[in-house]
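This report refers to the structure that appears directly beneath it.
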Amino acid sequence: RELEAKVAERTASLREANDRLAELATRDSLTGIHNRRAFMDRLDQEWTAALRHGHPFCILMMDLDHFKDVNDTYGHLVGDTVLREVARRAAGALREVDFLARYGGEEFVVLTSHTDATQALIAADRIRQAVGGTPIALEGVSLRVTLSIGLAQADPPRELRRSGAAQVEVGEQLHVGGP
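The sequence shown begins at 302 in our numbering and counts up one residue at a time.
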């Protein structure tokens, strides 16, 4: 009985340690949001789901404007604080189902599930306003941060239909005049 209790305790401890490692592997240590690895995993899942269920999704790529100037002028500690605040503000502007990640450096990415480009533009504008609408106040310095946002819409079912039509067309061309 004592041995069983000890095994159960160690198993629970190991499970907690593994959960913590999984969290560390998918979170950006500076901002606390998802990292690029987690984003790529989520993108694969979203693509599969979009193919299965026939819905589009969008990706927003965001880059902080003139961020090098922030680091050069105020130092990397201030730059790190700016990155954390941008992540916090961007996360607050998104829906629960949207997926925000730090892509690298001063680049962030958002996956907006079940959205088309029109809806994603609304999300991009909310992020833009949340990040740039109020200056970031840091130890006597007030920084207005802006960002550039690019948008791409993925519509896997439409792409699949297009691909299927192209395959049929090629197939028909190959069989013209053939047996």
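Just so it is clear, CB atoms sit at the ideal spot from N, CA and C, and this is done for glycine as well.
{"Query": "Where the alpha helix (DSSP H) through Ala351 begins and ends", "Result": "337 to 354"}
{"Query": "Contact set for Arg427: own chain, Cβ-Cβ below 8 Å, skip 5 residues either direction", "Result": "Ala394, Leu395"}
{"Query": "Sub-9 Å separation of Glu408 and Leu365 beta-carbons", "Result": "yes"}
{"Query": "Residue nearest to Arg390 in terms of C-alpha spacing, selected from Gly434, Leu304, Leu361, Trp348", "Result": "Gly434"}
{"Query": "Buried or exposed by the 16-neighbour rule on C-beta atoms within 10 Å, applied to Met363", "Result": "buried"}
{"Query": "Contacts around Phe400, its chain only, beta-carbon distance under 6 Å, and the 5 residues preceding and following it disregarded", "Result": "Arg343, Leu412"}
{"Query": "Distance, Gln430 Cα to Ala326 Cα", "Result": "31 Å"}
{"Query": "Own chain partners of Asp385 with C-beta closer than 6 Å, once the 5 adjacent residues on each side are dropped", "Result": "Here residue 385 is Arg; the residue named in the question, Asp, does not match the sequence. Here the set comprises Thr332."}
{"Query": "Residue range of the alpha helix (DSSP H) that includes Ala418", "Result": "418 to 433"}
{"Query": "Best match in Leu361, Ala306, Gln420, Asp373 for proximity to Tyr404 [C-alpha to C-alpha]", "Result": "Leu361"}
{"Query": "Val387 and Arg337 closer than 9 Å at C-beta", "Result": "no"}
{"Query": "Simplified DSSP state of Ala455, which is helix, strand or coil", "Result": "strand"}
{"Query": "Proximity to Cys359 [Cα-Cα], best of Gly376, Val398, Asp329, Arg328", "Result": "Val398"}
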